[in-house]
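Undergrad: Here's a structure for you.
Numbering (the numbering used here), first residue to last: 6 to 349.
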């Protein structure tokens with residue numbers, strides 16, 4: 006059964022990512038056992054030098070992981086639909102992968118979240134000559150290794166399970182979930198209009214809290230509130246985008262397909278809008294970790310950690326504003342151009 010070369014590129018990048026992490030994990034294991042920064046003997050000096058090399062290795066693994074994930078999403082949405090019979094977008098490709106597709110995406114997002122937290126902590130650590138976060142980041146690398154192994158295995162299984170002979174019907178997956186027009190107008194028991202209003206309320210609240218964290222030194226409870234609000238914003242924003250705002254990109258109602266937003270006929274708007282969504286998803290836990298008491302108790306970390314929390318808040322604010330402009334902007338243009346909203 007023929008496989009597209011793009012899939013080989015993704016798997017190769019994933020394998021190199023895992024091998025780089027495996028190399029870094031060997032040093033991380035030694036750090037977890039023998040890291041004593043107060044000592045100046047030869048073993049500690051060699052371990053410090055190896056920790057620098059391991060950090061650069063993890064940076065490379067992070068970059069490769071992001072590259073492979075971006076290539077994979079582009080392939081799922083713009084390349085593989087032409088290979089899978091009957092597929093028109095990523096929905097059909099995932100349907101051909103059966104249950105392996107969602108599992109692959111979940112593991113890859115989990116690995117990216119851990120990479121992101123490591124990256125945030127490493128930026129704070131490099132700002133301090135003592136390097137007090139080296140042991141913490143070493144443990145994150147040790148956790149990253151099995152997660153990336155699972156992501157590699159899930160990606161291999163999903164791509165191997167993809168049926169290139171049996172036609173799929175991705176539109177049936179989207180439309181057959183509704184028995185009537187009334188069901189299509191409701192999500193989780195409430196009208197789709199509710200999600201538009203809920204999105205506006207939670208976005209305004211999140212923006213206010215993010216601005217408060219960004220403008221001044223964060224109080225201990227503010228990053229926790231920020232994370233809770235981000236946890237509420239993420240599902241509400243996703244539902245509002247798919248059920249309400251996507252109609253203005255598609256020009257039709259009740260086409261609840263998130264993958265069609267990645268198609269060229271819709272200007273590939275899915276890439277920037279979902280990237281903005283993911284930035285919020287990754288920066289919120291990073292801000293929470295940076296504000297954790299076990300980080301603040303480390304000598305000399307308080308001020309840089311606060312700066313890291315503010316930077317995470319700034320990135321979240323930019324991502325939320327970008328998401329709103331891309332998701333809601335076409336709806337406002339539609340209202341101004343046609344004098345009405347898409348509803349029905």
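Even for Gly, the Cβ is constructed at its ideal location relative to N, Cα and C.
Keep in mind the model is a prediction, meaning the values are calculated, not measured.
For the segment 132–176, which segments carrying the alpha helix (DSSP H) assignment without a break, of at least 4 residues, lie completely within its bounds, in sequence order?
TA: List check, alpha helix (DSSP H) in window: 139–166.
Undergrad: Between the segment 310–329 and the segment 288–297, do at least 3 Cβ pairs fall closer than 8 Å?
TA: Cβ pair count under 8 Å is three or more, so yes.
Undergrad: Reducing DSSP to helix, strand and coil, say where residue 256 ends up.
TA: DSSP places residue 256 in coil when its eight states are reduced to three.
Undergrad: Where do the N-terminal and C-terminal ends of the alpha helix (DSSP H) with residue 102 fall, by residue?
TA: That run of the alpha helix (DSSP H) goes 95–102.
Undergrad: Give a yes or no on contact between the segment 201–217 and the segment 124–144, applying the rule of three or more CB pairs nearer than 8 Å.
TA: Short answer: they don't touch.
Undergrad: Going by beta carbon distance, what residues of the same chain come within less than 6 Å of residue 166, once the five residues before and after it are set aside?
TA: These residues qualify, in order along the chain: 102, 103, 105.
Undergrad: Would you be able to state if there are at least three C-beta pairs under 8 Å between the segment 236–254 and the segment 320–335?
TA: The segment 320–335 is in contact with the segment 236–254.
Undergrad: By how many angstroms is the C-alpha of residue 160 removed from the C-alpha of residue 107?
TA: For residue 107 and residue 160, the distance between alpha carbons rounds to 10 Å.
Undergrad: Based on the DSSP secondary-structure assignment, which residues constitute the bridge partners of residue 198?
TA: BP columns for residue 198 are empty, so no partner.
Undergrad: For residue 221, count neighbouring Cβ atoms within 10 angstroms of its own Cβ and tell me buried if that reaches 16, exposed if not.
TA: Exposed, since its Cβ has fewer than 16 Cβ neighbours within 10 Å.
Undergrad: Quick check: what's the CA-CA separation for residue 112 versus residue 156?
TA: When rounded, the distance between both Cα atoms is 5 Å.
Undergrad: Cβ atoms of residue 60 and residue 127: under 8 Å apart, would you say?
TA: Their beta carbons are under 8 Å apart, which means residue 127 touches residue 60 by this criterion.
Undergrad: Using the Cα positions of residue 120 and residue 70, report the straight-line distance between them to the nearest angstrom.
TA: Computed Cα separation, rounded: 9 Å.
Undergrad: Would you give the residue range spanned by the alpha helix (DSSP H) that residue 19 belongs to?
TA: Start and end: 10–39.
Undergrad: Where does residue 107 sit, in a helix, a strand or coil, going by DSSP?
TA: The answer is helix: DSSP assigns residue 107 an H, G or I state.
Undergrad: The alpha helix (DSSP H) spanning residue 280 covers which residue range?
TA: 275–295 is the extent of the alpha helix (DSSP H) around residue 280.
Undergrad: Is residue 339 near residue 347, with beta carbons less than 8 Å apart?
TA: Contact: yes.
Undergrad: Would you check if the segment 76–86 and the segment 263–270 touch, i.e. whether three or more CB-CB distances between them fall below 8 Å?
TA: Judged by Cβ distances under 8 Å, the segment 263–270 makes contact with the segment 76–86, as three or more pairs qualify.
Undergrad: Starting from residue 271, trace the alpha helix (DSSP H) in both directions and tell me its first and last residue.
TA: Residue 271 -> no alpha helix (DSSP H), and no H or E assigned at all.
Undergrad: Give a yes or no on whether the C-beta atoms belonging to residue 173 and residue 87 are separated by under 8 Å.
TA: Not a contact, by the Cβ cut-off of 8 Å.
Undergrad: Apart from the five residues just before and just after residue 130, which ones in its own chain have a Cβ nearer than 6 Å to its Cβ?
TA: Around residue 130: 136, 138.
Undergrad: Once DSSP output is grouped into helix, strand and coil, what is the label at residue 346?
TA: In the structure shown, residue 346 sits in coil (DSSP, three-state: anything other than H, G, I, E or B).
Undergrad: Residue 332 to residue 47, Cα distance in whole Å?
TA: Taking the straight line from one Cα to the other gives about 57 Å.
Undergrad: Less than 8 Å separating the beta-carbons of residue 322 and residue 215?
TA: Yes; because the gap between Cβ atoms is below 8 Å, this pair is in contact.
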